[in-house]
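*Asks:*
Number of protein chains: 2
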Amino acid sequence: MTAAKPGLRHLDVDLAIVGAGSAGMAAYKAAARHTSRLVVIESSGYGTLCARAGCMPSKLLIEAASRAHAIRQAHRFGIQAVGARVDGAAVMARLRELRDYFVDSVIREAEAWPAAHRLTGRARFIGPCELQVDDHAIVKARSIVLATGSRAVVPDAWREAIDGHLLTTDTLFELPSLPRSIAVIGGGAIGTEMAQALSRLGVRVVWLMREDAPGGLRDPALRPLAIPLLSEGITLITRAEVRSMAEAEGGQARVEFDANGERGSAVVDKVLVCIGRQPVFDGLDLDKGGLTLNKEGLVDHEDRSTRVGESCVFLAGDVSGAHPLLHEAVRDGRRAATQAVAQPGPPHHLPEAPLEGGRRTALRIVFCDPQIAAIGRGHEELTRSHHPFVTGVADFTDQGRSRIKDMNRGALRVYVCRDRRVVLGAEMIGPCAEHLAHLLAWSVHQGQTIDTLLDCPIYHPVVEEAVRTALGHARAQLAGQATMRPASPLSACADMGIGL
Amino acid sequence: MTAAKPGLRHLDVDLAIVGAGSAGMAAYKAAARHTSRLVVIESSGYGTLCARAGCMPSKLLIEAASRAHAIRQAHRFGIQAVGARVDGAAVMARLRELRDYFVDSVIREAEAWPAAHRLTGRARFIGPCELQVDDHAIVKARSIVLATGSRAVVPDAWREAIDGHLLTTDTLFELPSLPRSIAVIGGGAIGTEMAQALSRLGVRVVWLMREDAPGGLRDPALRPLAIPLLSEGITLITRAEVRSMAEAEGGQARVEFDANGERGSAVVDKVLVCIGRQPVFDGLDLDKGGLTLNKEGLVDHEDRSTRVGESCVFLAGDVSGAHPLLHEAVRDGRRAATQAVAQPGPPHHLPEAPLEGGRRTALRIVFCDPQIAAIGRGHEELTRSHHPFVTGVADFTDQGRSRIKDMNRGALRVYVCRDRRVVLGAEMIGPCAEHLAHLLAWSVHQGQTIDTLLDCPIYHPVVEEAVRTALGHARAQLAGQATMRPASPLSACADMGIGL
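Residue numbers (the working numbering), protein chains in the order written: chain A, 2 to 501; chain B, 2 to 501.
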């Protein structure tokens, strides 16, 4: 207990939420159903990473890029266009206009919460269940949800060498126009989306990654597809290690790297760093809250409840160090808040509340072209755990509707349990992956068998027919039919999943 | 029994299939798993309506149109298309090239069947279970699957008046280039798809329909959206009755019509008739097979088994007079064949075989922009049958991803059973309807409750979030919360379906 100081407000609440991003907002909304004794502490203004610098602006850039690409490809459909002229300033202006609209709507929502529930300032622990906010408030909370988010990782050496050229997605979308050239560092989801989008918008892109293939595909049969499908028009250097960065002539930056035993360098206007995000714990004085960082710089916590040990602290969203995904941050926030306020009682002995949506089905989508999606359990994990499964395959090369759309590239692989015939997971690179991924993720989440799914209606001609092809291929294997059905547009036209 | 005639082959089979379209091919493949004593009789060469003049070429035209439209809209994303021009001949050439590829693949499949299973010629009944094929074969069959398909309806008077200007989808795709102007007659799926596609390809379109709105939307809350969303750039005349057609000056055709009590006329190069399709029974001598046409010109049959009364005849595909939909034709064909060959025994006393995929979940998609989809049971049907249900609504106007894609138009309505909380059906006009429709159709088919569905993962930012919005709205109503949640991009960013 802290003695009262002059000028300090003292609050005693059921729940304090630190951070009003996606996870914190979701936590607030979930908790507000159970208690009005709660407070959200935000230091840097409302508005989520998602809306400000994440999902929304990145999709806006990708959408513009896909329009430019479509114009260049239109001749394949009998539409002639001399060329696509990309007005970089106009692209960025539309992006920011809509981005700001999204941010404003988030801010309006937070500002509509009761003023008594909102504190502005930096929170720091002054005790296991006690926070101080700047110099104006002390909050004693039965439970605390930490939702302070994440920031892009940028090595200090790079920052020191070429700070004026360095971009992350936190700053990329603030550019007044598009650079002429850029080095994109990182082969994960964000690097993949941005490298391709910028290239399609006419930016010269040098793309460096440690990985041997972009896009984060895990299935060894899909990984080889990534490079040819995703590097068109791009200087792609895999297995690259950045050695140094330096200012170069003409106001540019030079990136030196090793790749495959060779040295190389690229001179570019800008360098976009997409090598990951790290949790933000700045100034939280975690130790005073009884929390410690592990050797990865994360706070250990129980995965399902999000609770940190036996403490009163729950983690929600990116700060937990999991994948920075909006839909999981929101679920985390809701879950943490539900756990944190579900039961009255002494803070250190919260009973386990029932978890809403106990099972979590992984769902990852990369919005490149063709899109990448991973659903449920992966090929590697299933193989490692010796789970008996078969892989049903659909090749998009000759898939009817994909061919009509001139998007007949990539493949879908669905993992089916040999014993229970349920879909365990799937991975794909191909057209409409974001949509097929939901059909598959719902099926995995619900524990559906391939037999149930093969009885479900599929229209024609649609890309969803590839799901049926893959499921049918899996069923044929389970029936001991080793022969692989050749991919054919017929599989769309005259086959409804039987007769394999 | 027919006496042997010289030059006539006599065949005695378990199953004769008349017509090798989508339904006939599916019937063949299903039956061939059970018997090798079967024959397919085709009079006019292999290749399905779907591939030749239906799903595939229409989607090819739509794809070209959507590219042309995207180019015109690109400026909204900051992209200027320089010198965009629709090359009608090139559009049609690409369409036919890919169309022929699809047709060829169908033909190759049929030609790979054993020669003994294929008869070429016109079939006609010469007895209840006996067919003659031209003058060269007599087929005595334990069961017969009629899969003779359908043709576009064109009134004789129109044909006589302006035959050279009249088109159906059977002939549209054979045009060497695009006409300058066209009257599209009919507001159903095909009329809607073709009117919009042709307009977007630069053809001046006059669109006449009896209906008060295009696209076949049934939900009274959605119907008013159809006209503003689907008539851009088109002269749309609803509640129109064509009075006459005649040749006009300059090699054109004049269409005279009544609409809303007024007379009107349009002078155009071509007239595309999309007022429906009718079953083809030409020269079948149905009466000798013991079959009769009802007053609608259809053959009555049992809906689930597709069997005609107590006869040995089963109907499959368009000939049954149902909606001409590929995926249903294929299912029909499979079902008819399975029924027809499932059990040995006298032809008139076939026991009922178990029906594969007993329940049929309706799934209709119109590939206009925004797309239209209808799933499961409709609003009208549910209202008429006094089924207790609530309607969960999602408005796309402020749906996050739809706004990013500049496709934020339309609405989704999901019908949820008050008692069992299952999704009964849905209807929508909006972005990505073909994909959302599958998610919903599978949910309806599987009998999922909204509670299960609201626990399923949805990524962000995706159009699928609208499904969650609609389901959440339905759940709020079931919980007695009458207030309707205002549509907001927040529903995408910071809400996972609870907290409504």
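A virtual CB, placed ideally from N, CA and C, is assigned to each residue, including glycine. Bear in mind that the values here come from a model prediction, so they are computed numbers and not experimental data.
(1) In chain order, what are the residue ranges of uninterrupted alpha helix (DSSP H) at least 4 long that sit wholly in the region 368-453 of chain A?
(2) Which first and last residues belong to the alpha helix (DSSP H) in which P225/A is found?
(3) Examine the Cβ distances between the region 71-80 of chain A and the region 65-76 of chain B and report whether three or more of them are shorter than 8 Å.
(4) Answer yes or no: do R414/A and A427/A have a C-beta to C-beta separation smaller than 9 Å?
(5) Can you list, in chain order, the residues of the region 360-394 of chain A whose Cβ is nearer than 7 Å to any Cβ on chain B?
(6) Does DSSP put K296/A in a helix, in a strand, or in coil?
(7) By the criterion of Cβ-Cβ separation under 9 Å, what are the contact partners of G84/B in chain A?
(8) Can you find the residues in the same chain that come closer than 7 Å, C-beta to C-beta, to S178/A, ignoring five residues on each side of it along the sequence?
(9) Give me whichever residues DSSP pairs with H11/A in a beta bridge.
(10) Does the CB of V87/B have a neighbour CB from chain A at under 9 Å?
(11) Apart from the five residues on each side of it in sequence, which residues of its chain come closer than 6 Å, Cβ to Cβ, to R512/B?
(12) By the criterion of Cβ-Cβ separation under 7 Å, what are the contact partners of I459/B in chain A?
(13) What does a CB cutoff of less than 8 Å around L202/B pick up in its chain, not counting 5 residues either side in sequence?
(14) Where D523/B and A27/B are concerned, what is the direct C-alpha to C-alpha distance, given to the nearest angstrom?
(15) Alpha carbon to alpha carbon, what distance is there between H439/A and G188/A?
(16) Alpha carbon to alpha carbon, how far is L226/B from A190/B?
(17) Within 9 Å (strictly less), CB to CB, does F397/B reach chain A?
(18) Would you say T149/B and V19/B are within 9 Å of each other, going by their C-beta atoms?
(19) Whole angstroms are fine: how far does the CA of T362/B sit from the CA of L441/A?
(20) Could you say which of R119/B, T121/B, G411/B, S144/B lies nearest to G128/B if we only look at CA atoms?
(21) Under 8 Å Cβ-Cβ, which residues of chain A neighbour K406/B?
(22) Are A260/A and E242/A close, meaning C-beta to C-beta below 9 Å?
(23) Starting from the beta carbon of F78/A, find every residue of chain B whose beta carbon is closer than 7 Å, and list them in chain order.
(24) With three or more C-beta pairs closer than 8 Å as the rule, is the region 101-117 of chain A touching the region 40-47 of chain A?
(25) Hey, would you say M210/A sits closer than 9 Å to L237/A, going by beta carbons?
(26) One question on the structure: do P462/B and I405/B come within less than 9 Å of each other, judged by their Cβ atoms?
(27) Going by the DSSP bridge assignment, what does K271/B pair with across the sheet?
(28) Find out if the Cβ-Cβ distance for the pair L167/B, V155/B is shorter than 9 Å.
(29) Between the alpha carbons of T398/A and Q340/A, how many angstroms are there, rounded?
(30) Could you tell me if T307/A is buried or exposed, where buried requires 16 or more neighbouring beta carbons within 10 angstroms of its beta carbon?
(31) Select from the region 451-477 of chain A all residues with a C-beta closer than 7 Å to any C-beta belonging to chain B, and list them in chain order.
(32) Note down, in chain order, each residue of its chain lying with its Cβ closer than 7 Å to the Cβ of D407/B, except the 5 sequence neighbours on either side.
(33) Using the DSSP secondary-structure output, state which residues sit across from G165/B in a beta bridge.
(34) How should N409/A be labelled, buried or exposed, when 16 other C-beta atoms within 10 angstroms of its C-beta is the threshold for buried?
(35) Indicate the three-state DSSP secondary structure (helix, strand or coil) for T236/A in the structure shown.
(36) Should K296/A go down as buried or exposed, given a rule of 16 or more other Cβ atoms within 10 Å for buried?
*Replies:* Walking through what the data contain:
(1) 380-385, 401-405, 434-447
(2) 224-231
(3) yes
(4) yes
(5) T362, L364, I366
(6) coil
(7) Q81, A82, V83, G84
(8) G89, A90, M93
(9) I139/A
(10) yes
(11) The requested residue 512/B does not occur in the structure, where chain B is confined to residues 2 to 501.
(12) H328, H439
(13) L62, A65, A66, A69, V87, G89, V92, L179
(14) Absent from the model: residue 523/B. The displayed extent of chain B is 2 to 501, so no value can be given.
(15) 24 Å
(16) 16 Å
(17) no
(18) yes
(19) 19 Å
(20) S144/B
(21) E64
(22) yes
(23) E64, A65, R68, V92, R95
(24) yes
(25) yes
(26) yes
(27) I183/B
(28) yes
(29) 48 Å
(30) buried
(31) T453, D456, C457, P458, I459, Y460, H461, P462, V463, E465
(32) Q74, R77
(33) Bridge partners of G165/B: none, in fact.
(34) buried
(35) strand
(36) exposed
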